[in-house]
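The structure appears right after this line, and notes come after that.
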DNA sequence: ATTTAAAATTGATAAATATCACTTTTTCAA
DNA sequence: TTGAAAAAGTGATATTTATCAATTTTAAAT
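Chains as they are written, first to last, in our numbering: chain S, 1 to 235; chain H, 1 to 235.
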């Protein structure tokens, strides 16, 4: 794998590095002091861009889209957070305003940790500090890959990349031994890829004709991941 | 200014938050223990993507492009670092491989700080720790704005944005009272905007016809920054 | 100042992507 | 189970962007 090649495959199936996993019980306890849990229905907004960042959120179960909205109301999905991931911490660490929107992609259980508890724990745990530095640096790497993808790859290639990434995320939803189905609206998929819904639909039809995937209602089942990888990887 | 509006102007003229400024003398001294300085000529490569991250770099004077290179050899500039900025620290904090290339855009003086000194100082300075957390979070915000720009804005709009940003960076080069000239090859400008050189040239011609800017050789002088802001801001 | 190689520019054309108007399918609540 | 409403899909066309093949201009070295 060429060092200069855009996106070696291991950079696609990025999962946010685990920030809280295996943190000492004392740290976790301090974080949890005022923790509350809430169930968000599909489409419910968790936080809004520009809102005061009252705290951070932990995805106990479900999937969350992080996105920006432009002047015309068009969404751009930046990232899909999965079960086990922490969101909203950038705001607390920089200017106390969320830099984007977050909304549930499916019914999700989300825990809320007030900013004070997060900051207090951060002040006492050098491990949490190091985890955050590492995660943020890793996110940077992932984001510049994404950026380059948007700047240089075609819609077809970007769709291939996102399908590969989404398949990884939906693995968790699939019962063991059962096929992995991606369940996402064409609008959200288009927003993730950065194109219009119609284009996504047309390319999915192409992929179907090439026996790369099949659909069941709005659900997508990848049949030939290697073909998809080749499309994503090459011009 | 709408909260949901893409890129309020203060997010464009982003300068990396100062990481080292006003750090206690003891910290700066520890960082400088094995510091070395080197002059890079225009085009010289400072580090390569994938290379072992032996340390971090401080731009004492000059301008540095950070970029990715795809399989076909096409460059994508991610960011232009200016005098006073630190680069290469993401690698040290995550996986010890530089995530992109860095090369001098003009003759530049660059200081090198070995990774051990950086890590040692980081271990002893909670201020440096906090600065890094804040900077990384801020970079995240800037990058998701960039990402959304690439995904949703036209070449014309992106060029307008980049000219505004570059003008800020070249302010430093201009003698007080003298006009601010952007001095960048059309290829680099195209790579920054994410398009072909020919398109950049054509759009610059348009901007000239609209009295937004003028050129002197390859140098660009912005005449009407407000028009540029309007183009960058609206569809 | 002159040469010359590199960079910039221009025009024509091809390819990719967006948009619009419409039909069909799916989902979900009554 | 069925009937809207929402979402998905399709085809035609417009617009944007990329590519190719030149020519002209600029900058650097002699």
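Beta carbons are placed, not taken as given, at the ideal position from N, Cα and C, and that holds for glycine.
Item	Value
Can you tell me which of the three DSSP states residue 98/H falls into?	coil
Where in the segment 9-82 of chain H do unbroken runs of the alpha helix (DSSP H), each at least 4 residues long, occur, reported from the N-terminal end onward?	25-32
Over the uninterrupted alpha helix (DSSP H) stretch that includes residue 218/S, give me the two end residues.	Run containing residue 218/S: none; DSSP gives neither H nor E here.
Starting from the C-beta of residue 125/S, find all residues in its chain whose C-beta is less than 6 Å away, skip the five residues before and the five after it, and write them out in chain order.	27
Find out if the Cβ-Cβ distance for the pair residue 105/S, residue 80/S is shorter than 8 Å.	yes
Note down, in chain order, each residue of its chain lying with its Cβ closer than 8 Å to the Cβ of residue 218/S, except the 5 sequence neighbours on either side.	183, 184, 185, 186
Tell me which residues of the segment 126-150 of chain H have at least one Cβ-Cβ distance to chain S shorter than 8 Å, keeping chain order.	129, 132, 133, 134, 136, 137, 138, 139, 140, 141, 143, 144, 145, 146, 147, 148, 150
DSSP beta-bridge partners for residue 181/S?	221/S
Please report the distance separating the alpha-carbon of residue 58/S from that of residue 71/S.	29 Å
Since residue 85/H and residue 60/H are thought to touch, with beta carbons under 8 Å apart, how far apart are those beta carbons, to the nearest angstrom?	No, residue 85/H and residue 60/H are not in contact; Cβ-Cβ is about 10 Å, not under 8 Å.
What are the residues of the segment 59-77 of chain H that lie near chain S, defined by any Cβ-Cβ distance shorter than 7 Å?	68, 69, 70, 71, 72, 74, 76
Can you check the segment 110-139 of chain S for any alpha helix (DSSP H) of at least 4 residues that lies completely inside it and give the ranges in chain order?	115-124
When you check each C-beta in the segment 90-115 of chain S against every C-beta of chain H, which residues fall closer than 9 Å?	90, 91, 92, 93, 94, 95, 97, 99, 100, 101
Please confirm whether residue 217/S has its beta-carbon closer than 8 Å to some beta-carbon of chain H.	no
Going along the chain, which residues of the segment 170-198 of chain H sit with their C-beta nearer than 8 Å to a C-beta in chain S?	194
Give me the chain S residues within the contact set of residue 152/H, using Cβ-Cβ distance strictly less than 8 Å, ordered along the chain.	70, 74, 76, 194
Can you give me the C-alpha to C-alpha distance between residue 160/H and residue 222/S, rounded to a whole angstrom?	40 Å
Just to confirm my understanding: we take residue 109/S, look at its own chain, exclude 5 residues before and 5 after, and list those with CB closer than 7 Å. What are they?	37, 39, 60, 61, 62
Only counting the same chain, and skipping five residues up and downstream in sequence, which positions put a Cβ closer than 8 Å to that of residue 170/H?	180, 181, 182, 183
Considering only the alpha carbon of each residue, which of 114/S, 175/S, 157/S lies closest to residue 228/S?	157/S
Do you know whose CA, among 216/H, 98/H, 107/H, lies nearest residue 53/H's CA?	98/H
Would you identify the three-state DSSP class for residue 5/S, choosing helix, strand or coil?	At residue 5/S, the pLDDT of 42 sits below 50, so the modelled position is not reliable; the number obtained from the coordinates is stated separately. Looking at residue 5/S - three-state DSSP - the assignment turns out to be coil, as it is neither helix nor strand.
For my contact list, residue 30/S and residue 120/S are in at a C-beta cut-off of 8 Å; report their separation, rounded to the angstrom.	6 Å
Restricting to runs no shorter than 4 residues, where is the alpha helix (DSSP H) found entirely within the segment 163-208 of chain H?	186-193
Out of curiosity, what's the CA-to-CA distance linking residue 55/S and residue 118/S?	8 Å
In the structure shown, what three-state DSSP assignment does residue 108/S receive?	strand
Just mark residue 73/H as buried or exposed, buried being the case when its beta carbon has 16 or more other beta carbons within 10 Å.	exposed
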